[in-house]
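One line per chain: the protein sequences are A and B, in this order. The working numbering puts the first residue of the first sequence at -15, with every later residue one more than the last. The working numbering puts the first residue of the second sequence at -15, with every later residue one more than the last. First the structure, in the form of structure tokens, and then the observations on it.
There are 2 protein chains.
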Amino acid sequence: MNECTPILDTGLRGASVASTRISDVNGKLGKLIYRGYLVADLAQKSSYEEIIFLLLRERLPQKDELAELRAELNEKRKLPREIFAAMEALPRDTPPMDVLQAMVPLLAHGDAHIKERELESSMKSAVNIIAGLCSITTAWERIRNGKDPVMPRDDLGHAGNFLYMLKGRDPLPEMVNFFDTALILHAEHSFNASTFTARQVASTRAHIYAAISAAIGSLSGELHGGANVRVMEMLKEIGSSDMIDEYIEKRLESGGLIMGLGHAVYQVDDPRALILAPMSERVGKITGDTKWYELSSEVEKRAKQAFKARKKMDIFVNVDFYSASLFYAMGIPMDLFSPVFAVSRVCGWAAHVIEEQFALAAPKPALYRPGASYIGEYCGPDECVFVPFDER
Amino acid sequence: MNECTPILDTGLRGASVASTRISDVNGKLGKLIYRGYLVADLAQKSSYEEIIFLLLRERLPQKDELAELRAELNEKRKLPREIFAAMEALPRDTPPMDVLQAMVPLLAHGDAHIKERELESSMKSAVNIIAGLCSITTAWERIRNGKDPVMPRDDLGHAGNFLYMLKGRDPLPEMVNFFDTALILHAEHSFNASTFTARQVASTRAHIYAAISAAIGSLSGELHGGANVRVMEMLKEIGSSDMIDEYIEKRLESGGLIMGLGHAVYQVDDPRALILAPMSERVGKITGDTKWYELSSEVEKRAKQAFKARKKMDIFVNVDFYSASLFYAMGIPMDLFSPVFAVSRVCGWAAHVIEEQFALAAPKPALYRPGASYIGEYCGPDECVFVPFDER
């Protein structure tokens, strides 16, 4: 992480490009920290609303502050009419991530604060977008299935509203708690492709909606947000525990990875996976279908053994490994896994956008404008000679 | 531009992050090169359609190839019905850049090639998006003014169709030529905030529509695409040539910049500005209103003198300086200046996305995932202790 890390054609891996006060990842010890607090602690003891406050404002909320934030979220979960109308216009098989990326810039229209460039205005915009993304995602699930969107309820929190608006029925309190924890665990993870995209767009002084829409685009890539979908596809491909060894063998022989194992940063089990695994088991028990949790657990065990035996190396589960079976058991359609990720991570993105907008961790605002090395044509010592069209 | 350029909190200025074969900027000599050719040459001798081919395919088209590309553009300029329907749903004062960013991901739905991950499929998607952005921009201008969108015409090229679909009447051939040249001049400029955003989103394997929508978000920032709008605002503020000196004086004293003067890369006049200036003059003469060109020209002259005299430094015009009065004279509404920039630059973005997708200039595909330096709280040698909500 020093200034001489090679950066040409490396995707900036390992190069520290910006200071941040938002989160830290200790890959060696398996610690993920939001604003100084261990995420393992936060997952047990706080709510997603508290995390919104913590990530945006760098401290935990007082009681009245949290009440105020909840009220603001309740209000902002009601989408402007044009967002519903625009979604109604779309073919029902439009992929949800495309819909999310498209709808977020349109949320800007209803935001009176957007031109103020004041910290408190940006905080309000952030809450608007966090609330709005929950409603857009659930509304699209309803609309594409030919159902009316479900209006949010003020007596439910963010996690509860998501499940209620998705399904149109009262969610079990235990499910709400698990979903709330999942939202906390996915809310922030320092720099990564989508967060970097959000900061970069914000650095041109584009508004927060433009920045977060761009981040959604980045998350939609299969190397980023799509990983837990691929874990679920793997579990379905394996199908039953007697097929695990054969699957692992095949993957190891072809030099392929096993989805959900290994991470760019963690050298131990991902602290989030350790919390998601028992949740996945518990939700399986509630719904009466523990198959996918059990299969996951067995794949983890045997893959770890196989890597040890054949490659003499340890391999670790990442966040996507158990979120797959957890979300699946909760009845969330697989193509909403990435949107759910976005519904949670939007909070971290917003914190990063604000940090960038107001240079809260850097000496001054930076417009990201890297250079490139031209290795293309020159046709000799000078430029190529243009041959007119008629002579070609 | 070596590997040890400091990159922490510098917005990656001057740090070369990727190899590219697409374009090169020689800031010292004022040369801009697309795929080996001087842009000054291309602006005089080629058409925007040739530039699309050149930027995407690294060589100039043969006659049949250009005819094929023109036919493909003609076909793709016809937008899917849902795009019109979604735009119709929006409040008429929705800012055009938000509309563009929102509509581009929705173009993906009609693209059958999107999942193929083949070079030729990506080329087709690129042409679809280049054609589509022209139609979206002009359709939104019509819709927001309560008019029906104008359907594209196969006997017009890209520049001609843009002007025709914008105004609903036959454009003057000379205007078409000038607009075509403006499209060529804005088509590509190596790495910059929006191009870097597009490449970065593409690096997660998100589709090209997601990447280009994100780039539009980046371009919407006033530090990036908004610059020629601010030049025009400046010209209007100055109002007449007898107010120029006072304005320049005031700006120099307050340490402010003069919009359209100075550039991160060029140390001489921007080669694009040298071509745009006479075009701006000529269009003014055609429309009978040379005021804005003349004012620009006078501001350039006096600002250069003032910088020389007071700051002992040379200052140079950049691309935005004369594109402002040019687009204004062409009757393009000021809040469409950035969309017009996007309608042109989309071609460069697409070339960069494809270069990234297929690692055409790098040893292997890179997922941009930089690191960050945590400088936030730790509350002591270990993590902060979480105080439960009830005890706060």
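Positions of the beta carbon are idealized from the N, C-alpha and C atoms, including for glycine.
Taken atom to atom, the span from the alpha-carbon of B/Lys275 to that of B/Ser119 is near 31 Å. According to the DSSP assignment, B/Asp48 belongs to the alpha helix (DSSP H) that extends over 47 to 60.
One alpha carbon belongs to A/Gln184, the other to B/Ala177, and they sit about 7 Å apart. For the pair B/Val9 and B/Gln85, the Cα-to-Cα distance works out to about 27 Å. Positions of the alpha helix (DSSP H) runs, each at least 4 residues long and wholly inside the stretch 108 to 167 of chain A, are given as 142 to 151 in order along the chain. Under a 10 Å Cβ-count criterion, B/Cys331 is classified as buried, with 16 or more other Cβ atoms of the shown protein chains found around its own Cβ. Contact annotation: B/Thr(-11) and B/Gly(-5) have beta-carbon atoms that are not nearer than 8 Å. The beta carbon of A/Trp333 sits closer than 8 Å to the beta carbons of Ser178, Thr179, Ala182, Ala195, Ile196, Ala199 from its chain, once the five residues preceding and following it are set aside; these are given in chain order. Shown here for A/Asp319: same chain residues with a beta carbon closer than 7 Å to its own, the five before and five after excluded, namely Pro79, Pro80 in chain order. For A/Asp82, the enclosing alpha helix (DSSP H) has its first and last residue at 80 to 91. Boundaries of the beta strand (DSSP E) harbouring A/Ser7: 7 to 10, taken from the DSSP string. Residue pairing for B/Val1: DSSP places it in no beta bridge. If you check each beta-carbon in the stretch 168 to 184 of chain A against every beta-carbon of chain B, the ones closer than 7 Å belong to Ser174, Phe175, Asn176, Ala177, Phe180, Thr181, Gln184. Just so you know, the alpha carbons of A/Ser106 and B/Arg54 end up roughly 45 Å apart.
Among the bridge pairs identified by DSSP, B/Val301 is matched with B/Leu245. Per the DSSP secondary-structure output, A/Ala356 pairs in a beta bridge with B/Ala2. When beta bridges are read from the DSSP output, B/Leu16 appears opposite B/Val9.
Interface residue (Cβ-Cβ distance to chain B less than 8 Å): A/Leu90 is classified as such. In this structure, B/Val327 places its C-beta atom within 8 Å of the C-beta atom of B/Phe146. A distance below 7 Å between beta-carbons, with the five flanking residues on each side excluded, links A/Glu34 to the following residues of its chain, in chain order: Leu44, Pro45, Leu50.
For B/Ile316, no alpha helix (DSSP H) encloses it, and the DSSP letter there is neither H nor E. Note that the C-beta distance between A/Ile127 and A/Met71 is below 8 Å.
In terms of CA proximity to A/Ser322, A/Gly209 leads the group A/Gly209, A/Ala24, A/Glu56. In summary, A/Ser187 is buried, with 16 or more beta-carbon neighbours lying within 10 Å of its beta-carbon over all protein chains present.
DSSP lists A/Ile17 as the bridge partner or partners of A/Leu22.
Interface criterion met: the Cβ of A/Asp(-7) is under 8 Å from a Cβ in chain B. Annotation: B/His142 to B/Lys295 spans about 44 Å, alpha carbon to alpha carbon.
Rounded to whole angstroms, the Cβ separation of B/Ala257 and B/Val301 is 4 Å, and the two are in contact under 8 Å.
The C-beta of A/Arg5 comes closer than 8 Å to at least one C-beta of chain B. Under the three-state reduction of DSSP output, B/Thr179 falls in the helix class. Excluding the 5 residues flanking it on each side, A/Ala261 has same chain C-beta neighbours closer than 6 Å at Tyr306, in chain order. No Cβ of chain B is located within less than 8 Å of the beta carbon of A/Gln341.
Of the candidates A/Met135, A/Val215, A/Val303, A/Ser204, the residue whose Cα lies closest to the Cα of A/Leu241 is A/Val215. The residues Lys60, Leu91, Asp95, in chain order, have a CB closer than 7 Å to that of B/Asn112 in the same chain once the five nearest residues on each side in sequence are set aside. Contact between A/Gly20 and A/Val252 does not hold, since the beta-carbon distance rounds to 21 Å and is not under 8 Å. If you draw a straight line from the Cα of A/Ser281 to the Cα of A/His247, it is about 18 Å long.
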